[in-house]
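Residue numbers (the working numbering): 1 to 324.
All residues carry an ideal CB built from backbone N, CA and C; glycine is no exception.
So this is what it looks like as structure tokens:
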């Protein structure tokens with residue numbers, strides 16, 4: 001293999017640039033030509049491809065977002081779109097890909113290999129930490145710390161005004177951000193998609209706190225919670241408690257995706273980027289590079305896409321115990 005390309009796809013995540021840097025400099029070190037593809041599969045279809053060098057990735061390790069931009073491509077999910085993408089790769093002589101993204105990215109890469117035989121090794125780039133085959137994904141640690149900083153600040157206001165705050169964090173199908181930021185932020189309750197938390201249980205927890213003269217509370221809600229979003233949950237609870245209880249809702253939204261990546265995310269992204277590149281060089285294909293128990297492992301895309309990543313039961317147990 002002489003020529004490879006790297007791209008980012010799906011939602012951006014802090015640390016993606018560190019991962020790109022590791023792929024590019026690793027390729028240069030190993031004597032490969034390396035290309036960047038802007039805007040993911042969309043850029044692949046449109047031929048937005050350029051050669052990169054060690055200098056191309058100077059001074060980016062500390063930057064959030066992705067210098068290669070990111071996009072979701074409906075066209076790539078059609079046979080015609082993938083045919084166009086293959087033609088563009090052929091023009092540049094690209095023989096293998098490093099894809100930084102999540103489930104959608106890896107699904108596209110699997111289809112592409114089945115049809116055209118272009119091998120891809122993935123690096124898990126998503127703040128949700130919802131990919132099977134790695135303990136942590138690129139961007140997760142930064143997102144948790146961003147959420148935690150907000151929770152700490154909201155806690156001051158909640159305490160000053162004796163308020164209940166419902167704080168909604170990202171996590172459509174995964175409660176990892178909610179559970180970790182909730183534990184670190186001392187939340188009274190954390191609501192996640194993986195475990196049904198009835199409204200009656202939330203009310204019981206709040207009333208138990210009031211019986212102990214607890215005047216303020218923080219409830220962290222993952223956006224994919226089955227009972228609804230934070231606003232809907234607060235309204236359901238308002239109907240079951242005293243009308244003069246002061247409740248507020250804060251949705252953190254996309255601030256969790258941006259910002260300077262933490263040291264942990266920079267190191268993780270660098271390990272995964274280099275691991276993905278060297279896996280591709282050694283003949284790996286249709287796999288995701290991950291870190292499990294501090295060891296580099298490769299997990300087939302089909303498992304990463306198909307298998308769920310459950311939340312650690314000890315974390316759920318901690319929330320219950322520490323909120324007493």
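- The beta-carbon separation of residue 129 and residue 176, rounded to 4 angstroms, stays under the 8 angstroms limit for a contact.
- The beta-bridge partner set that DSSP reports for residue 8 consists of 100.
- A check of alpha carbon separations from residue 181 across 96, 143, 302 identifies 143 as the nearest.
- Inclusion of residue 5 and residue 94 in the CB contact set at 8 angstroms is warranted, their separation being smaller than that value.
- Contact check for residue 122 and residue 109: beta-carbon distance about 7 angstroms, within the 8 angstroms limit, so the pair qualifies.
- Within the stretch 206 to 274, the complete alpha helix (DSSP H) segments at least 4 residues long are 230 to 238, listed from N- to C-terminus.
- Residue burial is scored here from C-beta neighbours: residue 215 has fewer than 16 other C-beta atoms within 10 angstroms and is therefore classed as exposed.
- Remark: three or more beta-carbon pairs, one from each stretch, lie closer than 8 angstroms, so the stretch 132 to 150 and the stretch 267 to 277 are flagged as touching.
- If you look at residue 124, you'll find it in the beta strand (DSSP E) that goes 120 to 124.
- Taken in chain order, the complete alpha helix (DSSP H) segments of 4 residues or longer contained in the stretch 135 to 165 are 140 to 161.
- Per DSSP, reduced to three states, the secondary structure at residue 66 is coil, with no helix or strand assignment.
- Counting of Cβ neighbours within 10 angstroms places residue 39 among the buried residues, the total reaching 16 or more.
- For residue 203, the secondary structure class from DSSP, reduced to helix, strand or coil, is helix.
- Distance from residue 15 to residue 70 at the Cβ level is roughly 13 angstroms; contact not present, criterion being Cβ atoms closer than 8 angstroms.
- Cα atoms of residue 158 and residue 210: separation of roughly 14 angstroms, rounded to the nearest angstrom.
- Where residue 322 is concerned, there is no enclosing beta strand (DSSP E), although the alpha helix (DSSP H) around it starts and stops at 313 to 322.
- DSSP places residue 81 in the helix class (H, G or I) of the three-state scheme.
- For residue 29, the number of other beta carbons within 10 angstroms of its own is below 16, and it is reported as exposed.
- In the structure shown, residue 132 falls within a coil segment according to DSSP collapsed to helix, strand and coil.
- Proximity to residue 205 across 27, 320, 43, 22 peaks at 320, based on C-alpha coordinates.
- The beta carbon of residue 111 sits closer than 8 angstroms to those of 77, 82, all from its chain and outside the five residues before and after it, given in chain order.
- Non-local beta-carbon contacts of residue 188 in its own chain, meaning distances under 7 angstroms to residues more than five positions away in sequence, involve 205, 209, 217, 218, 219, 323 in chain order.
- By DSSP's assignment, residue 300 forms a beta bridge with 287.
- The C-alpha of residue 62 is placed about 25 angstroms away from the C-alpha of residue 185.
- For the 8 angstroms CB-CB criterion, residue 286 and residue 105 do not form a contact.
- Distance check between residue 136 and each of 318, 306, 293, 305 places 293 closest, using alpha-carbon atoms only.
- The three-state secondary structure of residue 307, taken from DSSP, is coil.
- In terms of CA proximity to residue 273, 25 leads the group 89, 310, 25.
- Distance between residue 261 and residue 251, taken at the CA atoms: about 21 angstroms.
- In this structure, residue 240 keeps its C-beta atom at 8 angstroms or more from the C-beta atom of residue 190.
- Within the model, the alpha-carbon separation for residue 48 versus residue 3 is close to 16 angstroms.
- Under the three-state reduction of DSSP output, residue 33 falls in the strand class.
- Per DSSP, reduced to three states, the secondary structure at residue 189 is strand.
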